[in-house]
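These notes are about the structure you will find just below.
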Amino acid sequence: MSDLYSRIYGVVRLIPAGRATSYGAIARYIGSPRGSRMVGWAMNQCHAHKEYTPAHRVVNRLGMLSGKHHFPGENVMQELLESEGIMVVNDQIQNFDQVFWDPFKELDEISI
DNA sequence: CGGGTGACTCGAC
DNA sequence: CGTCGAGCCACCC
1215 MSDLYSRIYG
1225 VVRLIPAGRA
1235 TSYGAIARYI
1245 GSPRGSRMVG
1255 WAMNQCHAHK
1265 EYTPAHRVVN
1275 RLGMLSGKHH
1285 FPGENVMQEL
1295 LESEGIMVVN
1305 DQIQNFDQVF
1315 WDPFKELDEI
1325 SI
């Protein structure tokens, strides 16, 4: 596993419950602005990783559950999000602007 | 090496 | 936030 993938999983695990971010945001944070599709691919392989990765907190830039079909059940991803307090209607996160978790903004405050 | 694929994104309309 | 087209890059034949 490349170091880039370790960073992807590392960032995803830092997403707090009740929040969500986008593939592109993670890609930019790990230094691959054009690697959003790789983040999706990494999530596809996250089950092979030893540590738990909350892939349900990663959606596309519009807050849509684009990866729900890759979960064990039909609405597993939505139920996971709703169990954390995120409202999901029609495969789309409600109030995504409030739920959105920006790695740069949130993590910079800590690292500064 | 080349072509197909995808849990993406951007710009246009 | 609908669609379409193009760009993107790791992975798998």
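So the first sequence is numbered by our numbering: it starts at 1215 and just counts up by one.
Glycine included, every Cβ here is placed at the ideal spot set by N, Cα and C.
Would DSSP call residue i helix, strand or coil?
i            : result
residue 1306 : strand
residue 1234 : strand
residue 1356 : Residue 1356 is absent from the model: the chain starts at 1215 and stops at 1326.
Assuming the contact rule is C-beta atoms closer than 8 Å, residue i and residue j should be a hit. Round their C-beta distance to whole Å, please.
i            : j            : result
residue 1271 : residue 1241 : Actually they do not touch by this definition, with Cβ atoms about 15 Å apart.
residue 1312 : residue 1302 : In fact, because the Cβ distance is near 14 Å, the residues do not count as touching under 8 Å.
residue 1222 : residue 1256 : 5 Å
residue 1321 : residue 1218 : Contact flag wrong, Cβ pair sits at about 17 Å.
residue 1299 : residue 1232 : 4 Å
residue 1295 : residue 1307 : 7 Å
Return the chain-ordered list of same chain residues with a C-beta closer than 6 Å to the C-beta of residue i, the five sequence neighbours on each side being excluded.
i            : result
residue 1260 : 1267 and 1269
residue 1282 : 1291
residue 1250 : 1237, 1238 and 1241
residue 1310 : 1277
Leaving out the 5 sequence neighbours to the left and right, which residues in its chain are closer than 7 Å to residue i when beta-carbon positions are compared?
i            : result
residue 1317 : 1225, 1235, 1239, 1240 and 1243
residue 1284 : 1258
residue 1274 : 1236, 1237 and 1280
Ordered along the chain, which non-local residues of its own chain (more than five positions away) have a Cβ less than 8 Å from that of residue i?
i            : result
residue 1248 : 1241
If I follow the unbroken alpha helix (DSSP H) through residue i, where does it start and stop?
i            : result
residue 1256 : 1250 to 1258
residue 1277 : Residue 1277 -> no alpha helix (DSSP H), and no H or E assigned at all.
residue 1221 : 1217 to 1228
residue 1288 : Per DSSP, residue 1288 belongs to no alpha helix (DSSP H) and is neither H nor E.
For residue i, count the other beta carbons within 10 Å of its own beta carbon; 16 or more makes it buried, fewer makes it exposed. Which is it?
i            : result
residue 1277 : buried
residue 1264 : exposed
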